[in-house]
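Residue numbers (our numbering), protein chains in the order written: chain A, 58 to 187; chain B, 3 to 116.
C-beta: ideal position from N, C-alpha, C; glycine also.
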Amino acid sequence: MPDASLKKKRPLWYNLSPLNLPLPGLVSILHRISGAALFLLLLWLLYLLDQSLTSAERFEAVRQTIAQPLVKLVLLGLLWAFLHHLCAGIRYLFLDVHKGVDLATARATSVAVIAVSLVLTALAGWRLLW
Amino acid sequence: MNRVVVGAHYGLRGWLVQRISAIVMTLYTVAFLVALAAARPVEYGQWKALFSQGWMRLATLLFFVSLLLHAWVGMRDILMDYIKPTAWRLALEIVVILVLVGAAGWAVEILWRT
Numbered sequence: 058m059p060d061a062s063l064k065k066k067r068p069l070w071y072n073l074s075p076l077n078l079p080l081p082g083l084v085s086i087l088h089r090i091s092g093a094a095l096f097l098l099l100l101w102l103l104y105l106l107d108q109s110l111t112s113a114e115r116f117e118a119v120r121q122t123i124a125q126p127l128v129k130l131v132l133l134g135l136l137w138a139f140l141h142h143l144c145a146g147i148r149y150l151f152l153d154v155h156k157g158v159d160l161a162t163a164r165a166t167s168v169a170v171i172a173v174s175l176v177l178t179a180l181a182g183w184r185l186l187w
Numbered sequence: 003m004n005r006v007v008v009g010a011h012y013g014l015r016g017w018l019v020q021r022i023s024a025i026v027m028t029l030y031t032v033a034f035l036v037a038l039a040a041a042r043p044v045e046y047g048q049w050k051a052l053f054s055q056g057w058m059r060l061a062t063l064l065f066f067v068s069l070l071l072h073a074w075v076g077m078r079d080i081l082m083d084y085i086k087p088t089a090w091r092l093a094l095e096i097v098v099i100l101v102l103v104g105a106a107g108w109a110v111e112i113l114w115r116t
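Here's what the structure looks like:
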C-alpha cells in the first residue's frame, strides 16, 4: 500500500462566493455581514446620539450632517443592516425551536426575510431620512 | 505549558445570551418606536426631554448592555471562524471587547448627564 504521506498535498479551492449560495445561505451570510457592519459603525452612531443630546446647536449640527446625501446613504445601509439582522434573527429563533426546518418552509421564510426587510427599510428610510 | 486558547466550551451560555439579548433589544426597539410616535420630537428640547425620563434611561441602558453581550458573542464567532492565528484573534478580541465596554460606558454617560 502506498504511504499516504507520499501523496502531494494539493491545494483546496472552495467555491464560496455568496452569489453561489442558495437563498437560505444568502440570508445567513447577510445576517453575519449586517451584524458586523452594525458593530463597525456603532461608535459613530453613539457619537451622533451623544451630539444630539448635548445642546441645541449640536442637535442642529447632527440634523445637518444627516441631511447630506452621502450620510443618508450610509444611514440607509445601516437601517437595512439592522432590519435584515432583526428579521433573519427572528427566523433563526423559530429554527431554534425547530419551526420551519423543512426545505420548502426554510426557502419560503428566507424569501419572506428578504422581502420584509427590504420593504421595512424602504418605509423606515422614507420616514426617517427623507 | 502549552495551553490551547481555543474551543473553550463555547456553547450553551453564549447561545442563550445571544437569544435573550436579542429579545430584549427587539422589545426595546418596538417600545422606542411607540415612544417616538407618541412624543414626536422635532427639536432639541423634546428630544432631550424624551431621554430625561427615568424609564427611558433605564430601558436604553438595558438595550446597550444587551447590545454589548449580543455583539460580543457575534463578533467572537466571526473572529473564531476567520482568524486562525491565535495571536491575531486574541488581539482582535481584545479590541472588540474594549470597543463594546467603551460604548456601554459612553452610553451611560450620555443617558445620565444633566
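Rounded to the nearest whole angstrom, the C-alpha separation of Pro87(B) and Glu117(A) is 46 Å. Put simply, the backbone Cα of Arg184(A) is about 31 Å away from that of Gly82(A). Gly92(A) has a beta carbon lying within less than 7 Å of a beta carbon in chain B.
Closer than 7 Å to the CB of Tyr46(B) there is at least one CB belonging to chain A. By the Cβ rule, the segment 159-179 of chain A does not count as touching the segment 10-25 of chain B, because fewer than three pairs are nearer than 8 Å.
Contact annotation: in the segment 81-109 of chain A, residues whose CB is within less than 7 Å of a CB in chain B are Arg89, Gly92, Ala93, Phe96, Leu99, Leu100, Leu103, Leu106, Asp107 and Ser109.
For the segment 85-118 of chain A, the full-length alpha helix (DSSP H) segments reaching 4 residues or more read 99-109 along the chain.
Apart from the 5 residues on each side of it in sequence, Leu186(A) sits with its Cβ closer than 7 Å to the Cβ of Lys129, Leu132 and Leu133 in its chain, given in chain order. Only residues of its own chain outside the window of five on either side were considered, and among them Arg148 and Gly157 have a CB closer than 7 Å to the CB of Thr166(A), listed in chain order.
Interface annotation, Trp108(B): in contact with chain A, CB-CB separation under 7 Å. For His72(B), the enclosing alpha helix (DSSP H) stretches over residues Gly56 to Tyr84.
In the three-state reduction of the DSSP assignment, Phe34(B) falls in the helix class, which pools H, G and I.
Here Trp187(A) carries a coil assignment [DSSP, helix/strand/coil]. Within a 10 Å sphere around the beta-carbon of Ala113(A) sit fewer than 16 other beta-carbons, which makes this residue exposed.
In the DSSP assignment, Gln48(B) falls within the unbroken alpha helix (DSSP H) covering Tyr46 to Leu52. Within 7 Å of the CB of Ala113(A), the CB atoms of chain B belong to Tyr46, in sequence order along the chain. Boundaries of the alpha helix (DSSP H) harbouring Gly146(A): Pro126 to Asp153, taken from the DSSP string. Look at Arg21(B) here: in three-state DSSP terms it is helix. Close to chain B, meaning a Cβ-Cβ distance shorter than 9 Å, are the following residues of the segment 115-137 of chain A: Arg115, Phe116 and Glu117.
Its Cα nearest to that of Ala94(A), the residue His142(A) stands out among His142(A), Leu106(A), Asn77(A) and Ile123(A). The straight-line gap separating the alpha-carbon atoms of Met82(B) and Arg91(B) is approximately 7 Å.
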